[in-house]
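Here the sequence shown stands for residues -4 to 172, where the numbers follow the numbering used here.
Structure first, commentary second.
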Amino acid sequence: MSETRDTFNVLFLCTGNSARSILAESILAKDGGGHFRAFSAGSAPKGEVNPFAVRTLTAFGYPTYGLRSKSWLEFAEPGAPVMDFVFTVCDNAAGEACPIWPGQPMTAHWGIEDPAAVEGSDIAKEAAFSAAFRYLKNRISAFTALPIAKLDRLALGTRLREIGRLDGATTRRPDVA
């Protein structure tokens, strides 16, 4: 990016915007040190946040206030915040045709398994959400530690894709976010 800025806008995308992208939004909102504004959205939002996402965030001490399942089209409308970074956190969203994002944000795919797809006991679901939380927290920690202002777009893009290959990554698709 090679620019001096105090705050960057980051959008996390997933199909339903009820679990992984919601977790990521909350994690970055708390751990971003005031240097990032976190958002999440989905291509086909479920309309409600998964209750296990709320439980997990609460258990780890992360904010849940204001989290909602919403369409990514909200962020393509005039007057919407211009994104600096857009990360897909599910393989379906990575393969979908995304809206044209104003400002040409940096993009990367950070896919992890869908904890909302886990069936069975509440304990199994809680374990899946806890694992997803940890994988996303690790990626977001690596992202927030990047010297964004000191990296050119090519180097930054490489680093963002490397973060997407950290432990817990789903299929290693090319970045199509």
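We put the beta carbon where it would ideally sit given N, CA and C, even for glycine.
On a predicted model such as this, the values are computed, not experimentally measured, just so you know.
Selection R154, L151, R156, N4 evaluated against P76 yields N4 as nearest (Cα-Cα). The three-state reading of DSSP puts N45 in coil, since its state is none of H, G, I, E or B. Your pair T165 and D26 does not check out as a contact, with CB atoms roughly 22 Å apart and the cut at 8 Å. Counting along the chain, A24 sits inside the alpha helix (DSSP H) bounded by residues 15 to 26. Ranking V44, V84, E20 by CA distance to the CA of S35 puts E20 first. Around the beta carbon of H30, fewer than 16 other beta carbons lie within 10 angstroms, which makes this residue exposed. In the structure shown, the three-state DSSP call for S64 is coil.
A residue is called buried once 16 or more other Cβ atoms fall within 10 Å of its Cβ, and R148, having fewer, is exposed.
The residues M(-4), M101, L141, I143, in chain order, have a CB closer than 8 Å to that of L151 in the same chain once the five nearest residues on each side in sequence are set aside. About 6 Å separates the beta carbon of V44 from that of S13, a gap short enough to meet the 8 Å contact definition. Straight through space, the alpha carbons of S136 and D79 are spaced by roughly 17 Å. The closest CA to that of G28, considering only L8, T2, L18, F124, is found on T2.
Inside the segment 106 to 145, DSSP marks whole alpha helix (DSSP H) runs of 4 or more residues at positions 117 to 139, from first to last along the chain. Residue state for A39 is assigned as coil, using DSSP reduced to three classes. Across the set A111, H104, S116, S125, the C-alpha of H104 shows the shortest separation from the C-alpha of I158.
In terms of Cα proximity to A24, the closest of G61, K41, A39, Q99 is G61. Looking at the DSSP output, C85 shares a beta bridge with no other residue. For T102, the secondary structure class from DSSP, reduced to helix, strand or coil, is strand.
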